[in-house]
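Chains as they are written, first to last, in the UniProt record's numbering: chain V, 1 to 575; chain Y, 1 to 338.
Glycine residues also receive a C-beta, built at the ideal position from the N, C-alpha and C atoms.
Owing to the predicted nature of the structure, the values given are computational and were not obtained by experimental measurement.
Below: one structure, written as structure tokens.
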């Protein structure tokens, strides 16, 4: 729990803030001398290669989706009232959870970044825990915690309270989506907060403002772009989540567009569900693009001069009560569900009382050695590894073109590289489902790999672009004046400068893809069952013990892996 | 120019390497043992059970590598339908569901005639007279109850409509579970039950869960006191210590026989037949008994805690009628829920 702990998801945070300042780095970067664009130039070869790959990985699936989605057969789906209900549920749950998440993220950011709360560093790590655990595993944890005869309801019964808490249904979906997206909001808002220079606050204080006035009149107005960015990010992410609505919503017949598409593909009454699925995918695509466009119209970022960050706000008399409240809610939201998951994994069967003698490693040993889980782990590692390598290389190429070459196609490149991140995973999966038969890769792992690359490419682009833009191009100019070609200078000098950031981005891709569910469940085929799908299947088949055992292992690996990556990235950034 | 292009090579090659690395797993496996055949099995067996079956089969059949795709019956049927539409079914063997499903596949030419030996050791009602499928285990649907909440479970399907069970029943979704879809049709055709009974059952507000597994979990954990569920799920939970007991309804027990068949499109007919034959061999059936299933052979024993087949009032409706009425029955059930 070093002082760097917060910046765990340093990369994600950079990604998020970059997106907030959507205009891109061309303008923010020290202006490089004009290069590239000359026909036959090495850079244009690189540009061509990158564009060809982008057309394949991003352009083709989206084009197929749009083309299929506007066919008359596809449009019929909008006559189905079930689709309308699911669309309303999707939008409502995404809006509600994004609001909650932004609110929670803002409160936490102000308290943990700018107030004198004791034990801030431990708290920062704890509040980020839900970010490190895949949402569907979070859903499983809450199911274990709030089961009809789970620990909470047992305790309520013990207290003589007749009410039973249940996580299932629309409210549960909104709550859990918020729980799993507020860390993202927190990271974005905290990053904005750190860029607000202290002299503005000092000016307010000198004019006699107290803590609450500084908050209300200086910090909050300046935070507005950060709040907006956080809201949009969480909105889009929550629009596309599959695990939470499937596990929490479906038992109460609360359907969202994602679970509806899964239903169409998994147990449809029509023999060819693809047109309907394409139409729903197109609807989500339009929704996501509208949200992104709306955000781009709004003021992108507060342009502020640099300066030392303001001093910590003193909370005065409410400091201790607030700290206690923060600890209690953090433990309830971030830790207790994990313990419930662990107890479910460690008990041999449901309904067996939780005592020390009853705990056993049976479930964990059973799933860790089962053929299904092992092939799931292998598939996930292989696919995530492949995606990480592809994303790192392609993302590096894109970031180089964006930061070190001026070209009229740069804006388009920027949009096509970062747009998929704003798209629901469902849209990406459906796009690949549609082009798979054309490319002859239907029912193969290649479909999932392609979709992963499309979905996670932006993680690398964004992690490379910001550091690269802040490094001036003097080194490359030195290489150029020593006789190196533009491409040679780019490959020898710039690539080396950017390599560490690209690697960090690649590792984040690896760790994100390895536990992915939404895309893999829609594209799964014989022999390509991923880890996320394995866990989901165990859960759906009613093997809660086995599912939670495997989920527990994944959660642990995720927490350790992402914490370590972020700590390393952070250390490097500080050096 | 040439120099510049060679420098670009890594940029192009590395993604290619990444791609081939992904496929590497499969091709490498094939290269190690060139004679190895891959058999793809579509099944609705629980993952752990099919893993054990595959392990035993591969041990007895060197050179065959079995790849399993496990999903609920409803999902398998959709996948097969989609694959048929786009060309050919990519599985060799199917082990799932109920007789009507297989009758439909046999009728539309999706299945190949089986070439197996062990079918003669089975009761004729578990073997297709035309030779397209063979039953592999008897899976009765019963009424389970939580022993912490109730000292005695409902004795019959008819008693489930009593007021005492209002809001306390869990049952699987017939859209997802093959056995549940089959049962829905059987209940409707039983003269003592029929539409009137089903209306009353749904009026008792049952919780409709995805499949049999979650129903067992719900009863064991006590979130539902009573569950309509396949018997092995409940017996297994009881054996592990969950507070759940099994009652075989006095007014008749519907069952599916989890048939197996080989697809006509399969390039691996021989290995496919071997797999099906293994399932109904004495060894395969003993494994089924170890996995808590009621066997289709008499020489394989009975699972612990299960009654002998002769003690259960198994319902044997006309399979063709069930096949014809299944979709309508499920639609009727779903219309009641809304």
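Other residues of its chain near residue i: CB distance less than 8 Å, five sequence neighbours each side excluded
i, result
"residue 37/V", "Note that residue 37/V scores 43 on pLDDT, short of 50, meaning its location in the model is unreliable; the coordinates nonetheless yield the value given after this. The residues are 43, 44, 405, 406 and 407."
Residues near residue i in its chain [Cβ-Cβ closer than 7 Å; skip 5 each side]
i, result
"residue 113/Y", "131 and 132"
"residue 118/Y", "277, 280 and 281"
"residue 102/V", "185, 227, 230, 231 and 234"
Contact list for residue i against chain Y, beta-carbon separation under 9 Å
i, result
"residue 55/V", "Neighbours of residue 55/V on chain Y: none; closest Cβ ~14 Å, over 9 Å."
"residue 266/V", "71, 72, 74, 75, 78, 79 and 176"
Neighbourhood of residue i by C-beta distance below 6 Å, restricted to the same chain and skipping five residues each side
i, result
"residue 180/Y", "172 and 174"
"residue 211/Y", "72, 172, 176 and 177"
"residue 26/V", "With a pLDDT of 40 at residue 26/V, under the threshold of 50, the predicted position of this residue should be treated as unreliable, though the coordinate-derived value follows. Around residue 26/V: no qualifying Cβ."
"residue 40/Y", "67, 91 and 92"
"residue 238/Y", "244"
"residue 467/V", "501"
Contacts that residue i makes with chain V (C-beta to C-beta distance below 7 Å)
i, result
"residue 240/Y", "348 and 349"
"residue 243/Y", "351"
Residue i versus residue j - alpha carbon distance
i, j, result
"residue 99/V", "residue 110/V", "17 Å"
"residue 221/Y", "residue 148/V", "8 Å"
"residue 247/V", "residue 89/V", "15 Å"
"residue 60/Y", "residue 281/Y", "12 Å"
"residue 47/V", "residue 457/V", "16 Å"
"residue 542/V", "residue 194/Y", "29 Å"
"residue 229/V", "residue 188/V", "7 Å"
"residue 560/V", "residue 380/V", "18 Å"
"residue 121/V", "residue 472/V", "33 Å"
"residue 337/Y", "residue 188/Y", "16 Å"
"residue 413/V", "residue 373/V", "39 Å"
"residue 162/V", "residue 160/Y", "25 Å"
"residue 335/V", "residue 240/Y", "28 Å"
"residue 51/Y", "residue 269/Y", "21 Å"
"residue 401/V", "residue 410/V", "7 Å"
"residue 510/V", "residue 449/V", "12 Å"
"residue 166/Y", "residue 443/V", "45 Å"
"residue 369/V", "residue 361/V", "12 Å"
"residue 292/V", "residue 239/V", "13 Å"
"residue 426/V", "residue 241/V", "8 Å"
"residue 302/Y", "residue 248/Y", "16 Å"
"residue 49/Y", "residue 291/Y", "7 Å"
"residue 191/V", "residue 476/V", "30 Å"
"residue 330/Y", "residue 157/V", "38 Å"
"residue 423/V", "residue 288/V", "6 Å"
"residue 213/V", "residue 312/V", "14 Å"
Those residues which DSSP pairs with residue i across a bridge
i, result
"residue 171/Y", "208/Y"
"residue 111/Y", "263/Y"
"residue 452/V", "Beta-bridge pairing links residue 452/V to no other residue."
"residue 247/Y", "143/Y"
"residue 69/Y", "42/Y"
"residue 390/V", "DSSP lists no partner for residue 390/V."
"residue 440/V", "Its beta-bridge partners do not exist; DSSP assigns none."
"residue 94/Y", "42/Y and 261/Y"
"residue 255/Y", "140/Y"
"residue 428/V", "DSSP output for residue 428/V lists no bridge partner at all."
"residue 228/Y", "143/Y"
Listed by chain order, chain Y residues near residue i by CB distance under 8 Å
i, result
"residue 540/V", "72, 210, 211, 213 and 214"
"residue 442/V", "86"
"residue 294/V", "Going along chain Y, no residue has its Cβ under 8 Å from residue 294/V, so there is no contact; the nearest lies around 34 Å."
Chain V contact residues for residue i, given Cβ-Cβ distances below 8 Å
i, result
"residue 51/Y", "370, 371 and 372"
"residue 217/Y", "350, 542 and 544"
7 Å Cβ cut-off: residues of chain Y touching residue i
i, result
"residue 251/V", "209"
"residue 437/V", "86"
Neighbour flag for residue i against chain B, beta carbons, 8 Å
i, result
"residue 180/Y", "Chain labels in this structure do not include chain B; the protein chains are V and Y."
When you check each C-beta in the region 543 to 565 of chain V against every C-beta of chain Y, which residues fall closer than 8 Å?
-> 543, 544 and 546
Note down, in chain order, all residues in the region 138 to 152 of chain V with a beta-carbon under 7 Å from any beta-carbon belonging to chain Y.
-> 147, 148 and 149
Residues in the region 518 to 539 of chain V with C-beta within 7 Å of chain Y's C-beta atoms, listed in sequence order?
-> 526, 527, 537 and 538
Taking Cβ-Cβ distances below 9 Å as the criterion, which residues of the region 352 to 369 of chain V are in contact with chain Y?
-> 352, 358, 362, 366 and 367
Below 9 Å between beta carbons is the criterion; list the residues of the region 333 to 344 of chain V that meet it against any residue of chain Y, in chain order.
-> none
Identify each residue in the region 134 to 159 of chain Y for which the Cβ-Cβ distance to at least one residue of chain V is less than 8 Å, and report them in chain order.
-> 146 and 148
Residues of the region 477 to 495 of chain V with Cβ closer than 8 Å to any Cβ of chain Y, in chain order | 485, 487, 488 and 491
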